[in-house]
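To convert a position in the sequence shown, counted from 1, into the working numbering, add 170.
Backbone N, C-alpha and C fix where the C-beta goes; we use that ideal spot for every residue, glycine too.
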Amino acid sequence: MNSSEQHERLMSNPEFWDMFLPLFFDEEKLREFATITGLTEQRIRAARDEHAKNVAPHFHRSNGTIN
Numbered sequence: 171m172n173s174s175e176q177h178e179r180l181m182s183n184p185e186f187w188d189m190f191l192p193l194f195f196d197e198e199k200l201r202e203f204a205t206i207t208g209l210t211e212q213r214i215r216a217a218r219d220e221h222a223k224n225v226a227p228h229f230h231r232s233n234g235t236i237n
C-alpha cells in the first residue's frame with residue numbers, strides 16, 4: 171500500500187478522527203497536514219465535517235473533547 175492510499179484510509183478511519191478531530195478545526199494545522207500528506211485541504215475538510223456530523227451530539231468544540 172502506498173502512502174497516498176494510507177493517507178486516504180486515515181480520512182475514513184473513525185478512530186483517527188476521534189483522536190485528532192479538534193486539531194483539524196485549526197486551519198493552519200489542516201493546511202500543514204495537507205502539505206505533509208498530499209491530500210487536498212478540501213478532502214480533509216470533507217472527511218472532518220463528515221465525522222463531526224456523526225459525533226455532533228458528543229463533540230464539544232469549546233474544549234475539543236468527544237464524550
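N-terminal and C-terminal residue of the alpha helix (DSSP H) that residue i is part of
i, result
"Thr238", "Absent from the structure is residue 238, since the part of the chain shown begins at 171 and ends at 237."
"Leu193", "Taken as a continuous stretch (DSSP letters only), Leu193 belongs to no alpha helix (DSSP H), as it is neither H nor E."
"Met181", "Ser173 to Met181"
Close Cβ partners of residue i (< 6 Å) along its chain, the five nearest in sequence each way excluded
i, result
"Trp147", "Because the chain spans 171 through 237 in this model, residue 147 falls outside it and cannot be assessed."
"Leu209", "His177"
"Phe194", "Leu200 and Arg218"
Presumed contact (8 Å Cβ cut-off) between residue i and residue j, rounded CB distance
i, j, result
"His177", "Thr205", "Wrong, their Cβ atoms sit about 12 Å apart, outside the cutoff."
"Met171", "Ala217", "In fact, because the Cβ distance is near 18 Å, the residues do not count as touching under 8 Å."
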